[in-house]
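Protein chains: 2
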Amino acid sequence: MKRRGQTRSRILGCAEELMQTCGFHGFSYHHIATRLGVRNAAVHYYFPSKVDLGLALVERYRENFRFWKEQLAVRRCTAVQALESFFELEGRYREQGKVCPLGVVGVEYPGIPEPMREATRALLDEVVEWLTVTLQTGRASGDLSFAGPPGERAVSLLAALQGGLQLARIWQPSAFDRIVDELRQELGMPSGTERSALVAAG
Amino acid sequence: MKRRGQTRSRILGCAEELMQTCGFHGFSYHHIATRLGVRNAAVHYYFPSKVDLGLALVERYRENFRFWKEQLAVRRCTAVQALESFFELEGRYREQGKVCPLGVVGVEYPGIPEPMREATRALLDEVVEWLTVTLQTGRASGDLSFAGPPGERAVSLLAALQGGLQLARIWQPSAFDRIVDELRQELGMPSGTERSALVAAG
DNA sequence: GTCTATATAGAGATAGAC
DNA sequence: GTCTATCTCTATATAGAC
Chain A
-15 MKRRGQTRSR
-5 ILGCAEELMQ
5 TCGFHGFSYH
15 HIATRLGVRN
25 AAVHYYFPSK
35 VDLGLALVER
45 YRENFRFWKE
55 QLAVRRCTAV
65 QALESFFELE
75 GRYREQGKVC
85 PLGVVGVEYP
95 GIPEPMREAT
105 RALLDEVVEW
115 LTVTLQTGRA
125 SGDLSFAGPP
135 GERAVSLLAA
145 LQGGLQLARI
155 WQPSAFDRIV
165 DELRQELGMP
175 SGTERSALVA
185 AG
Chain B
-15 MKRRGQTRSR
-5 ILGCAEELMQ
5 TCGFHGFSYH
15 HIATRLGVRN
25 AAVHYYFPSK
35 VDLGLALVER
45 YRENFRFWKE
55 QLAVRRCTAV
65 QALESFFELE
75 GRYREQGKVC
85 PLGVVGVEYP
95 GIPEPMREAT
105 RALLDEVVEW
115 LTVTLQTGRA
125 SGDLSFAGPP
135 GERAVSLLAA
145 LQGGLQLARI
155 WQPSAFDRIV
165 DELRQELGMP
175 SGTERSALVA
185 AG
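From first to last, the protein sequence lines stand for chains A and B. Counted from 1, the first sequence has number 48 at position 64 by our numbering; the numbering is strictly sequential. Counted from 1, the second sequence has number 162 at position 178 by our numbering; the numbering is strictly sequential.
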């Protein structure tokens, strides 16, 4: 009845949410099937093995990230705006009680199928590369200020966000927002409250 | 044959390693039993359910952390020395390919039994409290310099280390060391290379 | 305390009807 | 494309012998 793409992408959407909520080993074909109102075998039709599903998942993250990146480029965002968009992206995860997919793979690493790990490495490469260029550009234009190589700052920024999402789940959601505000300060960006004031002043 | 404490603590040691390597859902009673050369049922004798095991695990982390903390106090460590000890603690995890237990719970959160989550919250409280006091003391004595409340800096520090251990597994181990070096710089501590030079000159 | 044996449930996966 | 039915393997967990 439905076109091929329909169910397939619903499965991926569902799996994505489960992945960032419960971890890769924290959900099963049965969970997905139940949520979508189909049977176990229907999910296997699209993704014969869980490795296939996991790999498709990570590859979709990459595609989404690329699209997101391009949108920023199209809108000719400044480095500061781009970084704020990245904070928003992670902030939405926090609102939904999710963690970063890179953190999931990092924690479950030895149990993650190799094709999936490889794709994750590639995703990480792309994210770090983008963050590096963004930080570099921002510093060159005088909008950001920080010491040391942009590539190293990029990795530590990502690590703090990733860890922050996890701590927010154990502790309190606001922990994440305070971390983001600290990161802003360290980069010489307007803080969250300053930003609110700017918006209010309009 | 062996005294009660013997096997029990071997189980906990083994479970601890598996937990920080594969995650809480990434290992089973069978894994532990095989590694220790005993049977499944022997493990269940000490920890009837996996909840019991997980809870004992987190409580042992708390005990170990308290002991570690007291040792620092006994040795009258400065704030900088104390922080370096904490970096070493996490650095040993990295060397062993492990991640921080807080990260494991953070990622698998909804699937973690509630008693274990509660104990983890308490552990996190203690770690953040200790880090906060340490940062505060160091700043008051002029050995550390950073802006903002020490409590917030404590959380972001922990998040960066935790995320760093995870990224190090996906990417490259050295990513973690570079993050630590950045954290040192941000706090006005001598960097890793400066420290090496001091030791060499020493 | 540790063993053998077993119960039960869930997960990943496949065959074949519709 | 989705279903029912079923297979196999693994995981948690228990009973009872030694």
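Glycine included, every Cβ here is placed at the ideal spot set by N, Cα and C. Since the model is a prediction, treat every value here as computed from it, not as a measurement.
Who are the neighbours of residue i on chain A, taking C-beta pairs under 9 Å?
i        : result
B/Gly172 : Those within 9 Å of B/Gly172 in chain A number zero; the least Cβ separation is about 11 Å.
B/Gln80  : By Cβ distance, chain A contributes nothing, its closest Cβ being about 12 Å from B/Gln80, past 9 Å.
B/His14  : Those do not exist, as B/His14 stays about 14 Å from chain A at its closest Cβ, beyond 9 Å.
Look at the alpha carbon of residue i and the alpha carbon of residue j, and state the distance between them as a whole number of angstroms.
i        : j          : result
B/Ile16  : A/Gly95    : 16 Å
A/Pro134 : B/Leu67    : 25 Å
A/Val139 : B/Ile163   : 7 Å
A/Phe49  : A/Val111   : 8 Å
B/Val91  : B/Ala185   : 43 Å
A/Tyr13  : A/Gly(-3)  : 13 Å
A/Asp161 : B/Ser33    : 37 Å
B/Gly21  : B/Ala40    : 21 Å
B/Ala57  : B/Ser69    : 12 Å
B/Gly176 : B/Asp165   : 6 Å
A/Gly148 : B/Gln55    : 28 Å
A/Ala131 : A/Gly172   : 11 Å
B/Trp52  : A/Phe51    : 47 Å
B/Val89  : A/Thr116   : 30 Å
B/Thr121 : B/Trp114   : 11 Å
B/Leu119 : A/Gln(-10) : 53 Å
B/Glu79  : B/Gly87    : 17 Å
A/Arg59  : A/Pro174   : 21 Å
A/Arg23  : A/Ala181   : 51 Å
What residue from the options has the CA that sits closest to residue i's CA?
i         : options                                    : result
A/Cys61   : A/Ile154, A/Glu170, A/Asp127, A/Asp165     : A/Asp127
A/Pro85   : A/Leu108, A/Phe71, A/Ser33, A/Glu79        : A/Leu108
B/Leu2    : B/Gln(-10), B/Gly(-11), B/Arg19, B/Thr(-9) : B/Arg19
A/Arg153  : A/Thr118, A/Ala181, A/Lys82                : A/Lys82
B/Arg44   : B/Glu178, B/Arg(-8), B/Met173, B/Ala57     : B/Arg(-8)
A/Leu167  : A/Leu141, A/Leu149, A/Phe8                 : A/Leu141
B/Phe8    : B/Asp36, B/Arg(-6), B/Asn24, B/Gln(-10)    : B/Asp36
B/Arg(-6) : B/Gln156, B/Phe31, B/Thr5                  : B/Phe31
A/Val42   : A/Ala103, A/Ala124, A/Glu113, A/Gln156     : A/Ala103
B/Gln169  : B/Ser129, B/Pro157, B/Val117, B/Arg105     : B/Ser129
B/Arg46   : B/Glu113, B/Ala106, B/Gln4                 : B/Ala106
A/Glu98   : A/Tyr77, A/Leu119, A/Gly75, A/Gly38        : A/Gly38
A/Ala124  : A/Val64, A/Glu74, A/Glu136, A/Glu178       : A/Val64
B/Pro157  : B/Ala25, B/Glu178, B/Gly75                 : B/Gly75
A/Cys6    : B/Tyr93, B/Tyr29, B/Cys6                   : B/Tyr93
B/Tyr77   : B/Ala25, B/Gln146, B/Arg23, B/Asn24        : B/Gln146
With 16 other CB atoms within 10 Å as the buried threshold, where does residue i fall?
i          : result
B/Met100   : buried
A/Val183   : exposed
A/Phe11    : buried
A/Val27    : buried
B/Ala144   : buried
A/Glu72    : exposed
A/Gln150   : buried
B/Ala(-1)  : buried
B/Met(-15) : Residue placement at B/Met(-15) is poorly supported in this model, since its pLDDT is 49, which falls under 50; the coordinates are not used for a value here.
B/Ala159   : buried
B/Gln4     : buried
A/Glu136   : buried
Please list, in chain order, the chain B residues whose beta carbon lies closer than 7 Å to that of residue i.
i        : result
A/Val83  : Gly90, Val91
A/Arg162 : Glu136, Val139
A/Gln146 : Gly147, Gln150
A/Thr5   : Pro94
Could you work out which residues of chain A lie near residue i, taking near to mean beta carbons separated by less than 8 Å?
i        : result
B/Ile154 : Leu86, Val89, Gly90, Tyr93, Arg101, Thr104, Arg105, Leu108
B/Leu142 : Gly147, Leu151
B/Gln169 : Ala131, Gly132
B/Glu166 : Gly132, Glu136, Arg137, Ser140
B/Gly10  : His9, Glu92, Pro94, Gly95
Just the chain B side, please: which residues come within less than 8 Å of residue i by C-beta, in chain order?
i         : result
A/Cys(-2) : Chain B residues near A/Cys(-2): none, gap ~15 Å exceeds 8 Å.
Taking Cβ-Cβ distances shorter than 7 Å, what residues in chain A pair up with residue i?
i        : result
B/Ala159 : Val139
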